[in-house]
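2 protein chains.
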Amino acid sequence: MSEDSDGNGARRSSPTIYDVAAAAGVAPSTVSRTFSRPGRVNSETAERIRRIAAEMGYRTNPVARALPTGRTSIIAIIVSDVTNPFFFEIIRGAEETASAAGYTLLVADVNESADAERKALDRTLPLVEGIVLATSRMSDSSIRVAAKQRPTVVLNRTTTDIPSVVTDNARGMKRAVHHLADLGHTSITYVAGPQGSWADGVRWRAFYDATTELDIRGKRVGPFAPTQAGGLSAAHELAKDATSAVISYNDLMAIGMMRGFVRQGISVPDDISVVGFDNIFGSDFCTPPLTTVAAPLHSLGAYAVQTLLAELAKTSYDRQAAPKPLKVVLLPSQLVVRGSTGPRNAVLAKRAS
Amino acid sequence: MSEDSDGNGARRSSPTIYDVAAAAGVAPSTVSRTFSRPGRVNSETAERIRRIAAEMGYRTNPVARALPTGRTSIIAIIVSDVTNPFFFEIIRGAEETASAAGYTLLVADVNESADAERKALDRTLPLVEGIVLATSRMSDSSIRVAAKQRPTVVLNRTTTDIPSVVTDNARGMKRAVHHLADLGHTSITYVAGPQGSWADGVRWRAFYDATTELDIRGKRVGPFAPTQAGGLSAAHELAKDATSAVISYNDLMAIGMMRGFVRQGISVPDDISVVGFDNIFGSDFCTPPLTTVAAPLHSLGAYAVQTLLAELAKTSYDRQAAPKPLKVVLLPSQLVVRGSTGPRNAVLAKRAS
DNA sequence: CGCTGTTTGGCAATCGGTTGTCATTCTGAG
DNA sequence: CTCAGAATGACAACCGATTGCCAAACAGCG
Chain A
19 MSEDSDGNGA
29 RRSSPTIYDV
39 AAAAGVAPST
49 VSRTFSRPGR
59 VNSETAERIR
69 RIAAEMGYRT
79 NPVARALPTG
89 RTSIIAIIVS
99 DVTNPFFFEI
109 IRGAEETASA
119 AGYTLLVADV
129 NESADAERKA
139 LDRTLPLVEG
149 IVLATSRMSD
159 SSIRVAAKQR
169 PTVVLNRTTT
179 DIPSVVTDNA
189 RGMKRAVHHL
199 ADLGHTSITY
209 VAGPQGSWAD
219 GVRWRAFYDA
229 TTELDIRGKR
239 VGPFAPTQAG
249 GLSAAHELAK
259 DATSAVISYN
269 DLMAIGMMRG
279 FVRQGISVPD
289 DISVVGFDNI
299 FGSDFCTPPL
309 TTVAAPLHSL
319 GAYAVQTLLA
329 ELAKTSYDRQ
339 AAPKPLKVVL
349 LPSQLVVRGS
359 TGPRNAVLAK
369 RAS
Chain B
19 MSEDSDGNGA
29 RRSSPTIYDV
39 AAAAGVAPST
49 VSRTFSRPGR
59 VNSETAERIR
69 RIAAEMGYRT
79 NPVARALPTG
89 RTSIIAIIVS
99 DVTNPFFFEI
109 IRGAEETASA
119 AGYTLLVADV
129 NESADAERKA
139 LDRTLPLVEG
149 IVLATSRMSD
159 SSIRVAAKQR
169 PTVVLNRTTT
179 DIPSVVTDNA
189 RGMKRAVHHL
199 ADLGHTSITY
209 VAGPQGSWAD
219 GVRWRAFYDA
229 TTELDIRGKR
239 VGPFAPTQAG
249 GLSAAHELAK
259 DATSAVISYN
269 DLMAIGMMRG
279 FVRQGISVPD
289 DISVVGFDNI
299 FGSDFCTPPL
309 TTVAAPLHSL
319 GAYAVQTLLA
329 ELAKTSYDRQ
339 AAPKPLKVVL
349 LPSQLVVRGS
359 TGPRNAVLAK
369 RAS
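Chains as they are written, first to last, in our numbering: chain A, 19 to 371; chain B, 19 to 371.
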């Protein structure tokens with residue numbers, strides 16, 4: 019008579035507000051308001067309802083809540099390649115921030131394909147409240163189409179009128195060039211990443227500015243795929259080149275490049291210095307350990323979600339009142355010096371001149 | 019007059035079956051059936067409805083569908099640590115399989131905490147159709163509680179009455195031991211991973227069996243954390259030890275261990291051979307490249323989802339008719355020989371005896 | 001021509017919350 | 001004692017699809 023001798027029904031599914039309402043002798047709407055609109059219900063009544071609900075193990079059904087309100091409590095992060103270690107900490111940071119705010123994070127992998135990305139958006143957009151596009155491979159216009167449907171934040175990229183979170187690539191690049199200059203290098207090559215990459219553009223420009231400013235010979239090769247394989251190809255191309263230092267688009271390429279150099283009998287850093295970007299997992303235990311411009315990966319993910327949450331809050335309370343301050347969050351990068359960079363080798367220097 | 023001069027309403031949200039029904043001059047139910055129950059609607063009518071729906075840009079609202087049916091088309095995979103490269107390919111494999119079946123994959127990271135895992139389950143269970151627990155940190159009973167609510171598949175672990183997908187650790191370990199034996203090693207140490215780990219138990223047992231069978235001295239040290247830091251500690255402990263070969267619980271530890279050895283002036287593989295488990299990202303470019311028992315990571319994820327999908331299909335069509343064949347999918351592992359293993363060093367061998 | 005059987009489409013209930021509106025009760029001031 | 005106004009809870013209409021049931025239409029058969 020007391021607890022679970024309910025007899026017939028209610029075997030499978032969990033209790034609803036109707037069950038709780040019946041048990042508490044109130045209307046379902048009151049139960050609903052107890053949870054969703056605190057203060058609207060008399061505190062004694064609310065207390066009683068909460069107690070009974072807890073006893074029955076009531077949990078509000080997210081799907082049922084989402085239907086009338088649109089609040090699914092899910093946000094999505096779309097990454098171009100989950101197997102790229104670049105994203106690990108980003109995802110972790112995003113997840114933590116989302117969880118803390120009561121949101122569930124949906125990670126979608128699109129395997130470097132703009133087409134898959136569009137499909138993933140199609141599938142996830144209707145069920146999320148907002149999205150983070152991490153290193154999107156889509157065009158600005160495609161992004162804007164998505165942003166029209168749900169609040170959107172882009173990561174590692176800037177797109178007009180869409181909030182974004184990026185690393186301070188320019189300053190990082192500048193530091194890297196200075197570091198190499200301090201080591202005596204007078205000729206540096208930038209190994210470019212994928213053509214469409216926003217980050218590649220920024221990095222190259224910063225590289226150009228820094229080298230001209232310091233009166234260093236700055237060259238560019240590429241583009242190459244942003245993978246170890248791409249780095250390997252770059253190593254071949256660079257072998258015939260007279261440069262004593264390279265800065266590569268990212269760590270993955272740098273690692274591949276160093277492996278390529280080893281095969282060709284070129285020693286890092288004695289014959290050539292290598293600098294990467296991002297400080298991904300593995301850049302500390304490759305050989306030699308990689309000097310790299312560290313991106314604040316964890317923060318990148320965290321800020322992206324935070325920005326999105328702010329956007330969501332704004333949207334819900336007055337749609338187009340705010341004049342869109344076009345937020346671009348710029349996070350600092352940091353040069354991590356390890357074993358892959360060293361003073362300019364005299365022998366090679368002679369060959370270079 | 020033709021396309022979007024609709025005048026007043028319908029600014030914000032997308033069209034519903036009601037809109038389509040009105041435009042086509044049929045009942046909403048007919049529109050619904052057109053999509054969800056092909057054949058139930060006259061093919062001409064269906065064709066017309068489909069055309070009109072396409073013109074209007076109608077897309078069925080997944081939330082609305084989920085409410086009455088419970089079919090959210092989402093499955094979750096819960097991983098103990100997204101930053102562990104072990105999971106990259108697993109997630110990719112899972113995602114691909116899920117997508118192909120029209121499901122969206124929800125990746126939840128629980129940061130190695132059983133508590134966070136329970137919270138993540140709490141949050142995700144009500145909105146997914148099924149879950150994959152990849153390397154769960156929870157107790158069997160907690161897992162069973164979850165499995166009672168939604169179809170569940172466990173990865174890298176076996177739990178009574180719950181379908182599971184695991185690697186053939188035993189055979190892999192046997193191969194590793196034989197490999198070392200062939201190189202002349204007569205004493206091998208197993209560096210254990212976390213105590214609660216199912217895989218650790220299986221690997222240790224297989225190690226024990228293989229060494230006794232080959233009449234090799236098999237020892238065990240640990241447990242250690244399954245990270246690079248754990249491996250580093252292990253290296254210290256092993257330095258005083260007279261062993262010419264170690265097999266570590268996983269690659270991450272093996273990499274950490276090798277770094278520890280280097281610091282102590284112990285050369286790999288000249289002084290000591292190292293074998294890891296899993297073949298994660300980075301095991302090919304650490305120094306020396308790691309010999310490891312490769313787990314079929316991609317397949318692991320793919321099969322887990324496939325098993326789950328099979329379970330879902332079963333559930334929907336006759337709940338408890340099938341007598342539960344208790345499926346355990348066992349995937350083969352493979353020994354990848356690289357530079358971290360070599361013939362037994364005579365000097366060290368003398369010291370060992 | 002009448003009867004049965006099969007398509008096919010419509011009606012309406014339902015999933016489980018949310019929320020606008022209204023009625024009731026209670027409080028306190030005049 | 002009366003009445004305005006606030007506090008509180010109930011009613012009912014949604015959100016958008018699914019689906020059991022029924023009725024109309026139509027075909028086929030004797």
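We put the beta carbon where it would ideally sit given N, CA and C, even for glycine.
Beta-carbon neighbours of residue i, restricted to chain A and to distances below 8 Å
i                  : result
Ala-82 of chain B  : Leu-85
Glu-113 of chain B : Val-100, Ala-126, Asp-127
Cβ-Cβ separation, residue j to residue i (assumed contact under 8 Å), whole Å
i                  : j                  : result
Gly-202 of chain B : Arg-362 of chain B : 4 Å
Pro-325 of chain B : Val-183 of chain B : A small fix is needed here, since residue 325 of chain B is Thr in this sequence, not Pro. The pair is a contact, with the Cβ atoms about 6 Å apart (cut-off 8 Å).
Val-81 of chain A  : Val-81 of chain B  : 6 Å
Leu-250 of chain A : Val-239 of chain A : The Cβ separation is near 13 Å, so there is no contact.
Leu-308 of chain A : Ile-273 of chain A : 7 Å
Of the residues the options, the one placed nearest residue i, counting alpha carbons only
i                  : options                                    : result
Gly-148 of chain A : A:Ala-199, A:Ser-159, A:Leu-124, A:Leu-198 : A:Leu-124
Arg-141 of chain A : B:Asp-158, B:Thr-122, B:Arg-136            : B:Thr-122
Lys-258 of chain A : A:Phe-53, A:Glu-113, A:Thr-207, A:Ala-217  : A:Thr-207
Arg-281 of chain A : A:Ala-312, A:His-254, A:Asp-233, A:Pro-287 : A:His-254
Ile-96 of chain B  : B:Thr-90, B:Phe-105, B:Gly-88, B:Asp-288   : B:Phe-105
Ala-194 of chain B : B:Leu-327, B:Pro-212, B:Ala-312, B:Leu-326 : B:Ala-312
Thr-229 of chain B : B:Ala-199, B:Pro-244, B:Gln-246, B:Ala-217 : B:Ala-199
Lys-192 of chain B : B:Ser-358, B:Leu-353, B:Gln-246            : B:Leu-353
Ser-54 of chain B  : B:Pro-33, B:Thr-87, B:Gly-43               : B:Thr-87
Val-347 of chain B : B:Ala-82, B:Asp-186, B:Ala-94              : B:Asp-186
Thr-359 of chain B : B:Arg-89, B:Val-292, B:Asp-127, B:Ser-301  : B:Val-292
Arg-110 of chain B : B:Gly-319, B:Pro-350, B:Lys-137            : B:Gly-319
Ile-93 of chain A  : A:Gln-246, A:Gly-120, A:Thr-101            : A:Gly-120
Pro-428 of chain B : B:Phe-295, B:Val-239, B:Ile-265            : With chain B covering 19 to 371 only, the question about residue 428 of chain B has no answer from this structure.
Gly-278 of chain A : A:Lys-137, A:Thr-305, A:Leu-173, A:Ser-215 : A:Thr-305
Ala-188 of chain A : A:Thr-153, A:Asp-302, A:Ala-224, A:Thr-178 : A:Ala-224
Neighbourhood of residue i by C-beta distance below 7 Å, restricted to the same chain and skipping five residues each side
i                  : result
Leu-330 of chain A : Glu-147, Gly-148, Pro-169
Val-38 of chain B  : Val-49, Ile-67, Ile-70, Ala-71, Met-74, Tyr-76
Thr-204 of chain B : Ile-234, Arg-235
Phe-299 of chain B : Pro-103, Phe-106
Asp-336 of chain B : Residue placement at Asp-336 of chain B cannot be trusted, given a pLDDT of 47 that sits under 50; the coordinates are not used to answer.
Gln-338 of chain B : Low confidence applies to Gln-338 of chain B: its pLDDT is 47, below 50, so where it sits in the model is not reliable enough to give any reading.
Pro-46 of chain A  : Ile-35, Tyr-36, Ala-39
Pro-244 of chain B : Gly-211, Pro-212, Tyr-267, Asn-268, Leu-270, Met-271
Cutoff 8 Å; reference residue i; Cβ partners in own chain excluding five residues on either side
i                  : result
Pro-56 of chain B  : Ala-64
Ala-41 of chain A  : Ile-70, Met-74
Val-59 of chain A  : Thr-48, Arg-51, Thr-52, Ile-67
Glu-130 of chain A : Ser-98, Asp-99, Arg-155
His-196 of chain A : Ala-228, Leu-232
Contacting residues, own chain, Cβ-Cβ under 6 Å from residue i (five flanking each side not counted)
i                  : result
Leu-315 of chain A : Glu-107, Ile-108
Ala-252 of chain A : Val-209, Phe-242, Met-275
Glu-231 of chain A : none
Ala-165 of chain A : Ile-180
Val-171 of chain A : Val-150, Pro-181, Ala-322, Thr-325, Leu-326
Glu-113 of chain A : Leu-123
Leu-85 of chain A  : none
Contact set between residue i and chain A, taken where Cβ atoms lie within less than 9 Å
i                  : result
Leu-124 of chain B : Ile-92, Thr-122, Leu-123, Leu-124, Val-125
Pro-350 of chain B : Ordered by position in chain A, no residue passes the 9 Å Cβ test against Pro-350 of chain B, which lies about 21 Å from the chain.
Phe-303 of chain B : Gln-246, Ile-273, Gly-274, Met-276, Arg-277, Gly-300, Phe-303, Cys-304, Thr-305
Within chain A, the residues that residue i reaches when beta carbons sit closer than 7 Å
i                  : result
Arg-168 of chain B : None at all; the shortest Cβ gap to chain A is about 12 Å.
Phe-225 of chain B : Ordered by position in chain A, no residue passes the 7 Å Cβ test against Phe-225 of chain B, which lies about 25 Å from the chain.
Proximal residues of chain B, C-beta to C-beta of residue i below 7 Å
i                  : result
Leu-139 of chain A : Within chain B, no residue comes near Leu-139 of chain A; the closest Cβ sits about 11 Å away, beyond 7 Å.
Asn-60 of chain A  : Chain B residues near Asn-60 of chain A: none, gap ~29 Å exceeds 7 Å.
Asn-79 of chain A  : Pro-144
Arg-110 of chain A : Val-100, Thr-101, Asp-127
Phe-106 of chain A : Val-100, Thr-101
Starting from the N-terminal side, write out each stretch of the beta strand (DSSP E) that is 3 residues or longer and does not extend beyond the region 208-261 of chain B. Counting only runs of 3 or more, we get 235-239.
Ignoring anything shorter than 3 residues or poking outside the region 64-138 of chain A, list the beta strand (DSSP E) runs there in chain order. Counting only runs of 3 or more, we get 92-97, 122-127.
My parser needs the alpha helix (DSSP H) runs of 4 or more residues fully inside the region 155-215 of chain B; what are they? Counting whole runs of 4 or more residues, the region 155-215 of chain B contains the alpha helix (DSSP H) stretches 158-167, 187-200.
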